[in-house]
Amino acid sequence: MHPLLKLAFDLGPLMIFFGGNLYFGIYWATGVFMVATLISLAVTYAIERKLSPMPIVTGVVVTVFGGLTLYLENDLFIKLKPTIVNSIFAAILLGGLLSGRLLIKFLLDSAIHMTDEGWRKFTYRWIGLFVFLAILNEIVWRNFSTDFWVAFKVWGVFPLTLLFALAQTPFLMRHQIKDGEQEETPKAA
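Under our numbering, read the sequence shown as residues 15 to 203, first letter to last.
Written out as structure tokens, the structure is:
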């Protein structure tokens, strides 16, 4: 899929959520966010014939917590969704490391080729980001209005994540395995 189209499918539901909240309130926004997320997943699957694990987890959590928000008429659940999604991603990556699996390498290896040491460090960096975003979400929704939280979710979290990803470029370049190179294996003493 073209990167701009992928970006539109990733950001589209979030923009709809923002607009829905701005004009109709959090409950209406939650409903359209759920529908837009499921449509985005369906269209992505129709184009690529596969879905990555991250959008699947996000789609499930959006559906469950959005559904609870609407059913119980309590916006607490949709506000908890980013905390839970980021915590799940951090836990999955940490669990992979603890079991000797570099899960982020599995997701990105076709686009980035690095040493295993680089993948481990890169994984820890992403775990740190996910934990930071989970904590930041908790601080924002607990201390600010719902409208501020929605705006922060749309206009704060995405730019922070993008800046973090761009800031990783020097690290990726340092640990990159260039075409034709082999990863060095540690020598026995």
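Where a beta carbon is used, it is the ideal one built from N, C-alpha and C, also for glycine.
Can you tell me where the alpha helix (DSSP H) holding residue i begins and where it ends?
i, result
"residue 25", "17 to 38"
"residue 70", "67 to 86"
"residue 188", "183 to 189"
Which residue's Cα is closest to the Cα of residue i: the options?
i, options, result
"residue 44", "58, 73, 56", "73"
"residue 66", "27, 118, 48, 30", "118"
"residue 171", "25, 159, 62", "25"
"residue 183", "158, 148, 132, 142", "132"
"residue 53", "32, 83, 22", "22"
"residue 178", "79, 144, 77, 46", "144"
"residue 163", "140, 28, 120", "28"
"residue 102", "126, 89, 68, 128", "68"
"residue 35", "15, 92, 157, 70", "92"
"residue 211", "15, 49, 115", "With the chain represented from 15 up to 203, any question about residue 211 goes unanswered, as that position is not in the structure."
"residue 47", "191, 173, 167", "167"
"residue 230", "99, 125, 158, 98", "Outside the shown range of the chain (15 to 203) lies residue 230, about which nothing can therefore be said."
"residue 19", "61, 40, 37", "61"
"residue 188", "127, 80, 120", "127"
"residue 185", "71, 64, 136, 75", "136"
"residue 90", "138, 120, 157, 130", "157"
Given that a residue counts as buried once 16 or more other Cβ atoms are within 10 Å of its Cβ, and exposed if not, what is residue i?
i, result
"residue 104", "buried"
"residue 109", "exposed"
"residue 142", "exposed"
"residue 96", "buried"
"residue 169", "exposed"
"residue 200", "Annotation note: pLDDT 47 at residue 200 (below 50); position unreliable, coordinate value reported separately. Exposed: under 16 other Cβ atoms inside 10 Å."
"residue 42", "exposed"
"residue 202", "Confidence at residue 202 is low in this model, with a pLDDT of 43, below 50, so its placement is unreliable and no value can be given for it."
"residue 176", "exposed"
So, helix, strand or coil for residue i, using DSSP?
i, result
"residue 64", "coil"
"residue 192", "coil"
"residue 202", "Note that residue 202 scores a pLDDT of 43, beneath 50, so its modelled location is shaky and nothing firm can be said."
Just to check, is the beta-carbon of residue i closer than 8 angstroms to a non-hydrogen atom of the ligand FMN?
i, result
"residue 58", "The model depicted lacks the ligand FMN and carries no ligand whatsoever."
Ordered list of alpha helix (DSSP H) runs contained in the region 97 to 160, each at least 4 residues: DSSP runs (the alpha helix (DSSP H)) wholly in the region 97 to 160: 117 to 122, 130 to 157.
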